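Undergrad: Before I ask anything, here is the structure I am working with.
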Amino acid sequence: MKKTILIVEDQQVLREIMKEYLVDEGYEVLEAGDGIEALALFQEHDVHLVILDVMLPELDGWSVCRRIRKASDVPILMLTARSDEDDTLLGFELGADDYVVKPCSPPILLARAKRLLEHRRMSTEGERLTGGGITIHLPSRSVSIEGTICELTHTELEILAYLMKNKGNVLNREQLITKIWGYDFDGDERTLSSHIRNLRAKLGEHAKLIVTVVRAGYKFEDRA
């Protein structure tokens with residue numbers, strides 16, 4: 001079955017260029033020129049990835065990201081014309097999984113999109129992870145803490161799953177960044193720190209299971 005990607009970009013020329021690359025790779029593509037139209041399309045279709053520009057008419061990308069994230073953990077790739085760190089961190093706090101600074105080359109955008117989709121496919125192969133009262137059912141991408149559902153973003157779930165798969169082992173920041181975003185990631189360690197911080201906030205008392213090892217990295221320590 002073809003994967004469906006929703007492109008939300010108000011510049012028609014740029015939108016058509018992105019669409020052409022994605023269609024050539026075999027994806028179904030939906031297009032929206034503003035935030036309101038994007039939310040309507042998202043509700044009407046089974047979308048597997050959202051490529052979302054920040055600066056949009058009607059409703060900006062931050063607001064669209066926030067509303068989509070309340071209803072779904074679908075991967076969200078943000079497009080921003082600004083490389084300001086605060087903008088990037090805000091996107092992650094709202095639930096974005098990755099970002100690309102415009103102007104960007106279509107092949108790089110395509111590679112980022114494919115990686116997010118591939119991560120999602122690889123993590124739905126019938127595996128269940130448990131530890132410290134946390135359970136991840138990877139086929140359904142559901143996370144529960146002591147039986148209560150915990151809503152995580154795509155990237156937060158990927159980080160938690162990777163740590164739990166390597167329970168007790170220290171994973172350095174470079175390992176985590178490469179696993180989650182790939183070798184071509186042009187961000188820095190602050191991106192990872194932002195996602196870890198958001199993940200811990202959602203885990204509540206169980207946040208202590210993700211241990212920071214000074215000058216080394218992170219590990220999942222099952223203290224149950």
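Read left to right, the sequence shown gives residues 1 to 224 (the UniProt record's numbering).
Ideal Cβ placement from N, Cα and C applies to all residues, glycine included.
Computed from a predicted model, the values in this text were never measured in an experiment.
Would you mind sorting residue 212 into buried or exposed? The rule is 16 or more other CB atoms within 10 Å of its CB.
TA: Stepping through the sequence shown from its first residue, residue 212 is reached at position 212. With fewer than 16 other CB atoms across the displayed protein chains lying within 10 angstroms of its CB, residue 212 is exposed.
Undergrad: Quick check: the Cα distance between residue 28 and residue 45, rounded to an integer number of angstroms?
TA: Here residue 28 refers to the residue found at position 28 when the sequence shown is read from its first residue. Here residue 45 refers to the residue found at position 45 when the sequence shown is read from its first residue. The straight-line gap from Cα to Cα measures roughly 11 Å.
Undergrad: To the nearest angstrom, how far is it from the Cα of residue 224 to the Cα of residue 205?
TA: In the sequence shown, the residue the question calls residue 224 occupies position 224. In the sequence shown, the residue the question calls residue 205 occupies position 205. Unreliable placement is indicated for residue 224, whose pLDDT of 48 sits below 50; the coordinate value is still reported in the next sentence. Rounded to the nearest angstrom, the two C-alpha atoms are 13 Å apart.
Undergrad: Taking 8 Å as the limit between beta carbons, can you name the residues of its chain near residue 90, skipping five residues before and five after?
TA: Counting from 1 along the sequence shown, the entry for residue 90 is found at position 90. Closer than 8 Å at the Cβ level, and outside the excluded window around residue 90, lie 62.
Undergrad: Kindly indicate which three-state DSSP category residue 162 falls into: helix, strand or coil?
TA: Reading the sequence shown from its first residue, position 162 is the one you call residue 162. Three-state result, residue 162: helix.
Undergrad: Look at residue 170 and residue 219 and say whether their C-beta atoms are less than 8 Å apart.
TA: Here residue 170 is taken as the residue at index 170 of the sequence shown, counted from 1. Here residue 219 is taken as the residue at index 219 of the sequence shown, counted from 1. The beta carbons of residue 170 and residue 219 sit closer together than 8 Å.
Undergrad: Please name the residue in 180, 64, 39 and 164 whose C-alpha comes closest to that of residue 98.
TA: Within the sequence shown, residue 98 is the residue found at index 98, counting from 1. When each option's Cα is compared against that of residue 98, the closest is 180.
Undergrad: State yes or no: is the C-beta of residue 30 within less than 8 Å of the C-beta of residue 6?
TA: The residue you call residue 30 lines up with position 30 of the sequence shown. The residue you call residue 6 lines up with position 6 of the sequence shown. Between residue 30 and residue 6, the C-beta gap is smaller than 8 Å, which places the two residues in contact.
Undergrad: Are the CB atoms of residue 197 and residue 210 within a distance shorter than 8 Å?
TA: Taking the first residue of the sequence shown as position 1, residue 210 is located at position 210. Taking the first residue of the sequence shown as position 1, residue 197 is located at position 197. Taking 8 Å as the Cβ cut-off, residue 210 and residue 197 do not qualify as a contacting pair.
Undergrad: Answer with buried or exposed for residue 39, where buried requires no fewer than 16 other C-beta atoms within 10 angstroms of its C-beta.
TA: Locating residue 39 in the sequence shown gives position 39, where the first residue counts as 1. With 16 or more Cβ atoms within 10 Å of its Cβ, residue 39 is classed as buried.
Undergrad: Please report the straight-line C-alpha distance between residue 230 and residue 16, rounded to a whole angstrom.
TA: Here the chain has residues from 1 to 224 only, and residue 230 is not among them.
Undergrad: Compare the C-alpha of residue 75 against each of 153, 26 and 146 and name the closest.
TA: For this step, residue 75 is matched to residue 75 along the sequence shown. It is 153 whose Cα lies nearest to the Cα of residue 75.
Undergrad: Out of curiosity, what's the CA-to-CA distance linking residue 47 and residue 4?
TA: Along the sequence shown, one-based indexing puts residue 47 at 47. Along the sequence shown, one-based indexing puts residue 4 at 4. Cα to Cα, the separation comes out at about 5 Å.
Undergrad: Rounded to a whole number of angstroms, what is the C-alpha to C-alpha distance between residue 215 and residue 174?
TA: Locating residue 215 in the sequence shown gives position 215, where the first residue counts as 1. Locating residue 174 in the sequence shown gives position 174, where the first residue counts as 1. C-alpha separation (whole angstroms): 12 Å.
Undergrad: Bridge partners for residue 142 per DSSP, in chain order?
TA: As a working mapping, residue 142 is identified with position 142 in the sequence shown. Residue 142 is bridged by DSSP to 137.
Undergrad: Residue 227 and residue 221: beta carbons closer than 8 Å?
TA: For residue 227 there is no data in the structure shown, the boundaries of the chain being 1 and 224.
Undergrad: Taking residue 100 as the reference, which of 130, 94 and 110 has the closest Cα?
TA: What you label residue 100 is simply residue 100 of the sequence shown in a count that begins at 1. It is 110 whose Cα lies nearest to the Cα of residue 100.
Undergrad: Identify the residues that DSSP records as bridge partners of residue 17: which are they?
TA: One-based indexing of the sequence shown puts residue 17 at position 17. According to DSSP, which records beta bridges pairwise, residue 17 is partnered with nothing at all.
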